[in-house]
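Chemist: Please find one structure pasted underneath; my questions will follow.
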Amino acid sequence: MSSVDQTIQQLNIITTVTIFIIYLVNFVSGIIGLTFNVFVFTRPLLRETPCSVYFIAATFVNFFVILFIIPVRLLTNNFNIDLTTYNPVYCKIQNFVFFTTRALSCWLITMACIDRYLHSSPEISSRRWSSLRTAKISVALVSIIIPISYSHMFIFYNLIQLRRSTGIVVYSCATQDPIYSTFINVWHLLMYSLCPSFLMLIFGCLTLKNIRFRDRAIPQNVRRATRRKRTDLLRMLLAQVIVIIICTGAFSVYQLYALFTSGLAKDSLRISQESAASKILAVLSYFPHSTSFYMFTLTGSIFRKEFVRVVRPCLFRKRNRVQITTVQINRGTPW
209 MSSVDQTIQQ
219 LNIITTVTIF
229 IIYLVNFVSG
239 IIGLTFNVFV
249 FTRPLLRETP
259 CSVYFIAATF
269 VNFFVILFII
279 PVRLLTNNFN
289 IDLTTYNPVY
299 CKIQNFVFFT
309 TRALSCWLIT
319 MACIDRYLHS
329 SPEISSRRWS
339 SLRTAKISVA
349 LVSIIIPISY
359 SHMFIFYNLI
369 QLRRSTGIVV
379 YSCATQDPIY
389 STFINVWHLL
399 MYSLCPSFLM
409 LIFGCLTLKN
419 IRFRDRAIPQ
429 NVRRATRRKR
439 TDLLRMLLAQ
449 VIVIIICTGA
459 FSVYQLYALF
469 TSGLAKDSLR
479 ISQESAASKI
489 LAVLSYFPHS
499 TSFYMFTLTG
509 SIFRKEFVRV
519 VRPCLFRKRN
529 RVQITTVQIN
539 RGTPW
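The structure is reproduced here in structure tokens:
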């Protein structure tokens, strides 16, 4: 075995182990964090806020990503168990649902950014659009529009036969049309990463501009308290936006690189290196779906207070049980 083959083999092993660890971290942290998100955002203080409607909707979408997409991807990447190769209908449904769900999560956060912009607007007519009714309608519309925008996948994705170098024929869930293959990569790049990230940045900057403008009209003695109440959800939102931009942006940059270098001649080592980078960056893009609770806890004082109110009864109940048990033991102890 040549040194190049040994390097490729070592690189593949490192990539497999790294992917497994990242998937496991996403899965465990996602289940814990998203569960707390549900409890906190359904508290009376937060559930009446339009921005929280988008957060709770994104939380349920992320639950699907964590509980279904990550285990399936783990089986495919680390254990070579690909269920899409057994049934053409399931092949179409899985790819459609997986692409749609991840894009939907990012667009819900984008809608939350737009809501914060409207809420901070100095124009009364614009602020009226920041309401629970508007938020619920927007969630419903986005949940319909995003799947429709990916509906073409049902036509082009199917089981295709591939012949390996050993002569064995295997099935793969993919598209045979090279033009559509390029199109779906660019389309998902735009719908999942570039467009949502760009809109998040735009409306985030506009929201900060509105807040600075409105602060000038607030008396100095009440500015601090008012600003804190108004910007708490914004800080939570911006933290989530930063994670989305960093994690999806890195994978987007690689996809653009792969698209522009697809016609170049590459040796086996470079192909392995690019494959490893693609797989690791793709797995890192799952962090926005699993880390929202931790970002909210770090940046939102209201969120932290509501989280403490959720956890405190459980802690006090456990402490009371310990005290009652201790008292009973002391009463029964002979002196």
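Numbering (my numbering), first residue to last: 209 to 543. Don't be surprised by glycine CBs; every beta carbon is placed ideally from N, CA and C. Model, not experiment: these values are computed from the prediction.
(1) So, helix, strand or coil for I368, using DSSP?
(2) Could you pull out every residue in the same chain whose Cβ sits closer than 8 Å to the Cβ of N245, ignoring the five residues on either side in sequence?
(3) From this set, C455, L219, P252, which residue's C-alpha is nearest L397's C-alpha?
(4) Check the Cβ-Cβ distances between A473 and every residue of chain D, and say whether any is below 7 Å.
(5) Would you kindly report the start and end of the unbroken beta strand (DSSP E) that includes Q382?
(6) Grab me the residues of V269's own chain with a C-beta within less than 7 Å of its C-beta, minus the 5 sequence neighbours each way, in chain order.
(7) Can you tell me where the alpha helix (DSSP H) with H360 in it begins and where it stops?
(8) State buried or exposed for F468, treating a residue as buried only when at least 16 other CB atoms are found within 10 Å of its CB.
(9) In the structure shown, what three-state DSSP assignment does T267 receive?
(10) So, with DSSP's three-state summary, where would you put S328?
(11) So F495 and N234 are in contact, right, with Cβ under 8 Å, and what is the actual spacing, rounded?
(12) Rank Y298, G412, F287, F459 by C-alpha distance to the C-alpha of M361 and give the top, closest one.
(13) Identify the continuous alpha helix (DSSP H) that holds L492 and give its terminal residues.
(14) Going by CA-CA distance only, name the one from I277, T318, L445, S480 that's closest to I301.
(15) Determine the direct distance from the alpha carbon of R255 to that of A320, and round the result to whole angstroms.
(16) I'd like to know if the region 324–340 and the region 413–423 are in contact, where contact means that at least 3 CB-CB pairs between them fall below 8 Å.
(17) Run through DSSP, which three-state label would A557 get?
(18) Under DSSP, the alpha helix (DSSP H) around S500 begins and ends at which residues?
(19) When the Cα atoms are used, what is the spatial distance from I453 to M408?
(20) Among residues of its own chain, excluding the 5 on either side of S237, which ones have a beta-carbon nearer than 8 Å to its beta-carbon?
(21) Going by Cα to Cα distance, which pick from I352, I368, T507 is closest to A447?
(22) Would you tell me roughly how many angstroms separate the C-alpha atoms of R431 and R422, rounded to the nearest one?
(23) Can you have a look at L441 and say buried or exposed, based on whether 16 or more other CB atoms are within 10 angstroms of its CB?
(24) Just checking my contact of P258 with T342 at CB under 8 Å: how many whole Å lie between their CB atoms?
(25) What did DSSP end up calling Y388 once you bin it into helix, strand or coil?
(26) Tell me the DSSP secondary structure of W315 in three-state form.
(27) My guess is that Q369 and V377 are in contact by the Cβ rule of under 8 Å, so how many angstroms apart are they, rounded?
(28) From V518 to N295, what does the alpha carbon distance come to, in whole angstroms?
(29) Is the distance from the Cβ of I479 to the Cβ of T226 below 7 Å?
(30) Does DSSP classify Y294 as helix, strand or coil?
(31) CA-CA distance, V530 and N286?
(32) On the DSSP letters alone, give me the boundaries of the alpha helix (DSSP H) that Y400 sits inside.
Modeler: Per the coordinate set shown:
(1) If you number the sequence shown from 1, residue 368 lands on position 160. It is a strand residue.
(2) By 1-based counting over the sequence shown, the position of residue 245 is 37. Result list for N245: F263, I264, T267, S500, F501, F504, in chain order.
(3) Here residue 397 corresponds to residue number 189 of the sequence shown, with the count starting at 1. Out of C455, L219, P252, C455 has the C-alpha closest to the C-alpha of L397.
(4) No chain D is part of this structure, which consists of one protein chain only.
(5) Residue numbering aside, residue 382 sits at position 174 when the sequence shown is read from its first letter. In the sequence on display, residue 382 carries Ala and not Gln. Counting along the chain, the beta strand (DSSP E) containing A382 begins and ends at 377–382.
(6) To locate residue 269, count along the sequence shown from 1; it is residue 61. T309, L312, S313, L316, listed in sequence order.
(7) Residue 360 sits at position 152 when you count from the first residue of the sequence shown. Per DSSP, H360 lies in no alpha helix (DSSP H) segment and is marked neither H nor E.
(8) The count along the sequence shown starts at 1 and reaches residue 468 at position 260. With fewer than 16 other Cβ atoms within 10 Å, it is exposed.
(9) Counting from one through the sequence shown, the residue named residue 267 turns up at place 59. Correct three-state label for T267: helix.
(10) Mapped onto the sequence shown, residue 328 falls at position 120. Here S328 sits in coil by DSSP.
(11) Taking the first residue of the sequence shown as 1, we reach residue 495 at position 287. Taking the first residue of the sequence shown as 1, we reach residue 234 at position 26. Rounded, the Cβ-Cβ distance is 6 Å, consistent with contact.
(12) Stepping through the sequence shown from its first residue, residue 361 is reached at position 153. Of the listed residues, the one whose Cα sits closest to M361 is Y298.
(13) Walking along the sequence shown from the start, residue 492 turns up at place 284. Unbroken alpha helix (DSSP H) run through L492: 476–492.
(14) Along the sequence shown, one-based indexing puts residue 301 at 93. Checked all of I277, T318, L445, S480; the closest Cα to I301 is I277.
(15) Here residue 320 refers to the residue found at position 112 of the sequence shown. Here residue 255 refers to the residue found at position 47 of the sequence shown. So the alpha carbons of these two residues sit roughly 14 Å apart.
(16) yes
(17) Beyond the ends of the chain as shown, which are 209 and 543, falls residue 557; an answer cannot be given.
(18) Here the question's residue 500 lines up with position 292 in the sequence shown. Residues 500–507.
(19) By 1-based counting over the sequence shown, the position of residue 453 is 245. By 1-based counting over the sequence shown, the position of residue 408 is 200. C-alpha separation (whole angstroms): 9 Å.
(20) Taking the sequence shown and counting its residues from 1, the one referred to as residue 237 is at position 29. The residues are S498, T499, Y502.
(21) By one-based count along the sequence shown, residue 447 stands at place 239. The option with the nearest alpha carbon to A447 is T507.
(22) Counting from 1 along the sequence shown, the entry for residue 431 is found at position 223. Counting from 1 along the sequence shown, the entry for residue 422 is found at position 214. Any reading at R431 must be qualified, since the residue scores a pLDDT of 49, below 50, and its modelled position is unreliable; the value itself is stated next. About 10 Å.
(23) On the sequence shown, position 233 is the one that residue 441 refers to. Flag for L441 reads buried.
(24) Looking up residue 258 in the sequence shown gives position 50. Looking up residue 342 in the sequence shown gives position 134. Right, their Cβ atoms sit about 7 Å apart.
(25) In the sequence shown, counting from the first residue as 1, residue 388 sits at position 180. In this structure, Y388 counts as helix in the three-state DSSP scheme.
(26) Within the sequence shown, residue 315 is the residue found at index 107, counting from 1. Helix at W315.
(27) For the purposes of this step, residue 369 is identified with residue 161 of the sequence shown, where counting begins at 1. For the purposes of this step, residue 377 is identified with residue 169 of the sequence shown, where counting begins at 1. Confirmed, about 6 Å.
(28) Working through the sequence shown from its first residue, we reach residue 518 at position 310. Working through the sequence shown from its first residue, we reach residue 295 at position 87. Taking the straight line from one Cα to the other gives about 44 Å.
(29) For the purposes of this step, residue 479 is taken as the residue at position 271 of the sequence shown. For the purposes of this step, residue 226 is taken as the residue at position 18 of the sequence shown. Going by beta carbons, I479 and T226 fall outside the 7 Å limit.
(30) The residue you call residue 294 lines up with position 86 of the sequence shown. Here Y294 sits in coil by DSSP.
(31) Counting from one through the sequence shown, the residue named residue 530 turns up at place 322. Counting from one through the sequence shown, the residue named residue 286 turns up at place 78. In this prediction, V530 has a pLDDT of 45, which is less than 50 and means its spatial position is unreliable; what the coordinates show is noted afterwards. Distance between the alpha carbons of V530 and N286 is about 44 Å.
(32) What you label residue 400 is simply residue 192 of the sequence shown in a count that begins at 1. For Y400, no alpha helix (DSSP H) segment is defined, and its DSSP state is neither H nor E.
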